[in-house]
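For reference, the structure discussed in these notes is given below.
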RNA sequence: CGCGGGGUAGUAGCAAUGGCAGCUCGCCAGGCCCAUAACCUGGAGGUUGCAGGUUCGAAUCCUGCCCCCGCAA
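Numbering (the working numbering), first residue to last: 311 to 624.
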């Protein structure tokens, strides 16, 4: 029995969605149309950045639309005329209006990288790392007009490992989500699954991440700063200011070394490594990058800035 | 033509802003030491990204080019 007669439209934009699209494209749930965001200028020279999903659609030879708005009524009509059976949405970036959601017979399914109702919104993966959670997962959800609010079809948990960054976890969750989809879709399309309403009282929300979130507050604990570091890879990264210049931290390590320094104090460990004290434990700066400069090891940075030792960072 | 920083010894990091090109690290030799990545003494190592210009004199000022990076998006 094949499901390839069902007409599926896939909505998504970044890498996370791209992984899912790739899996679907090779399955019997291959979408016949992909909707993604348009190319946007990026980088120093304003070179156009192509959404990851667009590349995958091209690679898998699936037609795609690049839309920056779904509010145009013509879009809904055009989609309706294609008579799709199902939408699959993963990190598309735009809210789907009600008239669009109403189009497919089997609804619009969203792949959300958290255990809903926890971490609704824009940055669930970062939120789970930032909070130091040990377990997270993906949720398949039937979309309604409110963000990440619809009833849940399926969930799958995974552990968050110690050194896992947002990037690592994102990749795992996208694969998990893709496999879960392929697993669940046959039952869903035969109406054998009932979506369960979320417990809205337990809902929590995450905000879009801004660059300012990456500034280090040294009065937090080393543990918290390290979680921040992993959550904000690759963007915005974490940084501090030294003599008015922004210093990005490229790699770091927690040190349990005992000192009497106050939080933010820069010092040398017995191994001559560059370290900063926090509220609890110290952070060793293995690799740093000053604005306008290449990334260098903590030792090298120290060679050029010997006055660094014993200054206090905010 | 979005804004800005940078390229100086060795695959390292930084000074010197018109007047002898220096510092830290590393490297080499020797010393000290039970010993050392610590300490002491000495040493090697440079066409200052490339090309041109201004000047008695350019790492420094001007022009063009190459390369690296931060911001913005």
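Each residue gets a CB set at the ideal place from its N, CA and C atoms; glycine is no exception.
The model shown is predicted, which means the values in this text are computed figures rather than measured ones.
Query                                                                                                                                                                          : Result
Is the distance from the Cβ of residue 299 to the Cβ of residue 592 below 9 Å?                                                                                                 : Outside the modelled stretch of the chain, which goes from 311 to 624, sits residue 299, for which no answer is possible.
Would you list the residues sitting across from residue 375 in a DSSP beta bridge?                                                                                             : 345
Taking 9 Å as the threshold (C-beta atoms), are residue 459 and residue 513 in contact?                                                                                        : yes
Just curious, the beta strand (DSSP E) that residue 464 is in, first and last residue?                                                                                         : 462 to 469
Decide if residue 315 is buried, meaning its Cβ has at least 16 other Cβ atoms within 10 Å, or exposed.                                                                        : exposed
Counting pairs of Cβ atoms below 8 Å between the segment 585 to 599 and the segment 554 to 568, do you hit three or more?                                                      : yes
Can you find the residues in the same chain that come closer than 6 Å, C-beta to C-beta, to residue 600, ignoring five residues on each side of it along the sequence?         : 555 and 557
Mapping DSSP to helix, strand and coil, what is residue 363?                                                                                                                   : helix
If you draw a straight line from the C-alpha of residue 466 to the C-alpha of residue 433, how long is it?                                                                     : 18 Å
Compute the distance between the beta-carbons of residue 344 and residue 374, then report whether it is under 9 Å.                                                             : yes
If you pair each beta-carbon of the segment 368 to 388 with each one of the segment 426 to 445, do three or more pairs fall below 8 Å?                                         : no
According to the neighbour-count rule (16 or more other Cβ atoms, all chains shown, within 10 Å of its Cβ), is residue 497 buried or exposed?                                  : exposed
Start and end of the alpha helix (DSSP H) containing residue 607?                                                                                                              : Counting along the chain, residue 607 falls outside any alpha helix (DSSP H), though it belongs to the beta strand (DSSP E) covering 605 to 607.
Could you give the uninterrupted runs of the alpha helix (DSSP H) lying entirely in the segment 416 to 454, keeping only those of 4 residues or more?                          : 434 to 440
Can you list, in chain order, the residues of its chain with a C-beta nearer than 7 Å to that of residue 537? Leave out the 5 residues immediately preceding and following it. : 439, 440 and 442
Tell me the residue span of the alpha helix (DSSP H) that contains residue 494.                                                                                                : 476 to 499
Since residue 553 sits in a beta bridge, which residues does DSSP pair it with?                                                                                                : Paired residues: none, contrary to the question.
So for residue 575, helix, strand or coil by DSSP?                                                                                                                             : strand
I'd like to know if the segment 516 to 523 and the segment 486 to 494 are in contact, where contact means that at least 3 CB-CB pairs between them fall below 8 Å.             : no
CB residue 414 to CB residue 319, shorter than 9 Å?                                                                                                                            : yes
Looking at C-beta atoms only, is the number of pairs between the segment 498 to 506 and the segment 539 to 546 that lie closer than 8 Å three or more?                         : no
In terms of residue numbering, what span does the beta strand (DSSP E) encompassing residue 505 cover?                                                                         : Here residue 505 belongs to no beta strand (DSSP E), and DSSP marks it neither H nor E.
Only counting the same chain, and skipping five residues up and downstream in sequence, which positions put a Cβ closer than 6 Å to that of residue 480?                       : 326 and 435
Helix, strand or coil, according to DSSP, for residue 383 in the structure here?                                                                                               : helix
Measure the C-alpha to C-alpha separation of residue 544 and residue 323 and round it to an integer number of angstroms.                                                       : 17 Å
Could you have a look at residue 404 and say whether DSSP puts it in helix, strand or coil?                                                                                    : coil
From this set, 612, 484 and 445, which residue's C-alpha is nearest residue 472's C-alpha?                                                                                     : 445
Please state whether DSSP places residue 313 in a helix, a strand or coil.                                                                                                     : coil
Quick one, are the C-beta atoms of residue 419 and residue 377 less than 9 Å apart?                                                                                            : no
Determine the extent of the beta strand (DSSP E) in which residue 596 is found, giving its start and end residues.                                                             : 592 to 600
Can you find the residues in the same chain that come closer than 6 Å, C-beta to C-beta, to residue 370, ignoring five residues on each side of it along the sequence?         : 335
Grouping DSSP H, G and I as helix and E and B as strand, with all else coil, what is residue 547?                                                                              : coil
Taking 9 Å as the cut-off, decide whether the C-beta atoms of residue 596 and residue 618 are in contact.                                                                      : no
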